[in-house]
Amino acid sequence: MQIRSHIARSLVELGIAAVVVVVVTLAVHGQLDPDATDLPGPAAAPPVVRGRVVDVLGMPVAGASVGLSVGDSDFGDVANVGVGDAAPMGGGHVVFTDDTGAFAQLTTAGCQWLVVSAEGFATQEVRVWSPSYEGDVMVVLRPGTVLRGRALMGATSAPVVGASVYPGLQRAERWQAAPLRQALLAPVATDAEGRFVLSGLEPGLYRPIVVGDGVYCEANTTLTLELTDNVGELPIDCAGTSGDLAGSGTFVAAVKRRVVVDDGKPCPGARVRLRSHLVATAVDVNAGEDGGVILANLLPSVYQAVIDCPGHRSRTVTQRLLPTLAAGNGEEDVVWQAGEIATKEIESGPTAAGAGSLHGRVRTRLGEPIGGLDVFIVGAGVVTDPQEPREVFDTTDGGGHFWVPLEPGVYEITVVHPIGGMADRGWLVGAGQWQVEVRANEQSEHDFELEGLVGEISGLVVGADGQPVGGVGGVGGVGVVTPIFVGYPRTARALQVHPQWQQPIDAMGRFSLRGLIPGDYDLRVEYSSGAVGFVHGVTTQDTVTIELEATGSLSGRLALADLRSTVGPRGDVTITANEWQRGLRRFAHIHQQWPSGGGEVMGGGKMGEESVAFVPTPVPWRFDNLPAGVWEITAESAEALGSLLATVDAGEHSRDLEVVMRSESDATPH
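Numbering follows numbering that gives the first Met the number 0, in which position 520 of the sequence shown is assigned residue number 519; successive positions increment by one, without gaps.
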């Protein structure tokens, strides 16, 4: 759909403003000596991660929750953390910072995540290796935005009370950012008036989900949230869900599937792991003798299934499981049916003759395996599984291993750590790149050794007068600098967006980017006020000065083309300003129903015909602090779309620009 594609494309390159710094001091204890004898003695104490949470001004953040998420992939035990939670879903307990912002969290050995959450801030994950990691880590956290809403039962306006509301994060592609688990945060409950507040959300694309007793509904609008958004109250219409149900049970799934191998025979004992990024539901079951599995107690959502059959390759499939309402008897839970998880049955094993595979192991120069690294595989061959993209993504496990099925061909392998600023281990946590060949019916085995170098770029941000611009105030708001790696052209898209690499600009206009891949970068400076600056072709170890660009502004109004309807397009309108040459985006939202402030119904039509057109009152819009250039202004709602091109001149304000919106089904302009 054209409207959603515009929003999704805007999300990928959405500029992030305003940061909060969490300084986590990792002091890890209790490492076992591999050469120790078997003499009895006291049990080794579990490793402890100690740290302190502060804001961008260095002030401590008291009462922040620090949870633990264990595992190298999306199928690890994910902590279900929020302020005030007693315990996560798995992997450890939740602790809270004291008045000085300090905390101490028990961990387990291996690759894991600390999940830090505080009121008013976006929840952030900090990856650590225990017990082998030592040193200080500075992690950039973004201030959280808030989404308020109200769930009602349609025409009756009866509130949906006590229902669970999930954020419904619409994720970007996996290779464009480190994994985001915040959509798995514990849901909030609607109050006696059906209202809810989702706080601490990252900027992104959201479609909240309401799940209650016999109720399941989604918002009919997908919202793009920015840090500075104040979106008002999002109405969610749950009419047509509980009213059609004969029972009052919980809205859950009971789906039976069968695992087969490529020759159609069942796979007894196959393991099926199911997880959703939208709801906090996970299933891990084994198939019976007939290969059958029952996936129960699932909420309607988008699920990813990983199927492992002994002696065969793993397969990952994704399917959106939508509810089909069924009458209950008032005693049992309501059951909804779902389409096939795979196209036919869940298959395990090569699906094309002559396919090969790549098995890699990533290690340091000392031979230490590295878990939790992102692996991007790009090549001329076509991936065996047609559901997978040509650019394959994988993550190394705790032993540094990754494994993917591939057609024969030559591939480029790029290994990246998604988090910068963790260079204290003495080896590169950035990236490396290699070429490998995959042959038909063979498994290609390779070891990949990361370099021992770490790149760093430091610099100063100045205004048009040449004076330093601080990261707080000055130009209005908090500033960040983002490095965009351009060293590997073929995988530039995969490496372009790593939000964790963003660093704050201090009060003196200074910044420092550590733990980077040695190579060439473009740097982008952004402030929450909209001010930006760019510099191209910077090499690691350079010191640079970035001058903020002069800006102008645009303003105008929204209007509707004559539509043959008695009402105008309903729903919120998202207005986007795009400067395509440098990938700049600005967003504004109009959260009201048409007509806006009134309107008039006009009659008309050809002889012998009767037609009515709705002409709403024009709605004003404005964008300030736009860098000089050509901008496209796009207005999108659930039912209409319009756009225009406008030139922004430095220091100038262009007024009276009219964006005319037309229905998507109205292909011919009136």
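C-beta atoms are modelled at their ideal positions from N, C-alpha and C, and glycine is treated no differently.
None of these values were measured; they are calculated from a predicted model.
Pairing GLY536 with GLU546 gives a Cβ-Cβ distance that is not under 7 angstroms. DSSP, read as helix, strand or coil, puts THR155 in helix. In this structure, the alpha-carbon of VAL468 lies about 18 angstroms from that of LEU512.
Closest by C-alpha distance to ASP623, out of ASP648, LEU640, GLY641, is ASP648. Look at TRP579 here: in three-state DSSP terms it is coil, with no helix or strand label.
Around the C-beta of VAL209, 16 or more other C-beta atoms lie within 10 Å, and the residue is accordingly described as buried. Per DSSP, THR544 is one residue of the beta strand (DSSP E) stretching across 542-546. Taking each of VAL543, VAL403, GLN466, GLY641 in turn and checking the Cα distance to THR573, the smallest one comes out for GLY641. Among the bridge pairs identified by DSSP, MET660 is matched with LEU559.
Counting of Cβ neighbours within 10 angstroms places ASP98 among the exposed residues, the total staying below 16.
As DSSP reads the structure, HIS358 sits in a beta bridge with TRP402, GLU444. Taken atom to atom, the span from the alpha-carbon of GLN502 to that of ILE483 is near 12 angstroms. Excluding its 5 nearest sequence neighbours in each direction, GLY355 has C-beta neighbours in its own chain below 8 angstroms: PRO404, LEU405, GLU406, PRO407, VAL437, ARG438, ALA439, ASN440, GLU441, GLN442, SER443, listed in chain order.
Taking the Cα positions, SER198 is about 23 angstroms away from GLU525. In the DSSP assignment, LEU643 falls within the beta strand (DSSP E) that extends over 639-647. The beta carbon of THR550 is closer than 6 angstroms to those of ASN624, LEU625, PRO626 in its chain, skipping five residues each way along the sequence.
Beta bridge pairing from DSSP links LEU625 with GLY551.
Taking C-beta atoms as the reference points, GLY628 and GLU548 fail to come closer than 7 angstroms. In the DSSP annotation of this structure, ILE504 is not part of any beta strand (DSSP E), being labelled neither H nor E.
Between the alpha carbons of VAL534 and GLU651 lies a distance of about 24 angstroms. As the crow flies, the alpha-carbon of ASN285 is around 30 angstroms from that of SER163.
In the three-state reduction of the DSSP assignment, GLY291 falls in the strand class, which pools E and B. If you check the CB distance, GLU232 and ARG362 do not come in under 7 angstroms. Rounded to whole angstroms, the Cβ separation of ALA103 and ALA63 is 13 angstroms, and the two are not in contact under 8 angstroms.
Looking at LEU644, THR646, ALA639, ALA576, the one whose alpha-carbon comes closest to that of ARG621 is ALA576. Residue pairing from DSSP places ASP519 in a beta bridge opposite THR538. By the beta-carbon neighbour count (other beta carbons within 10 angstroms, threshold 16), GLY161 is exposed. Going by DSSP, PRO234 is part of the beta strand (DSSP E) stretching over 232-236. The beta-carbon separation of VAL115 and VAL65, rounded to 5 angstroms, stays under the 8 angstroms limit for a contact.
Between the C-alpha atoms of SER662 and ALA639 there is a straight-line separation of about 4 angstroms.
The Cβ atoms of VAL271 and ILE306 lie closer than 7 angstroms to each other. DSSP places ARG51 in the uninterrupted beta strand (DSSP E) bounded by 47-52. In this structure, VAL196 is the residue among GLY100, PRO158, VAL196 with its C-alpha nearest to the C-alpha of VAL145.
Non-local beta-carbon contacts of ARG509 in its own chain, meaning distances under 6 angstroms to residues more than five positions away in sequence, involve LEU459 in chain order. For GLY408, the secondary structure class from DSSP, reduced to helix, strand or coil, is strand.
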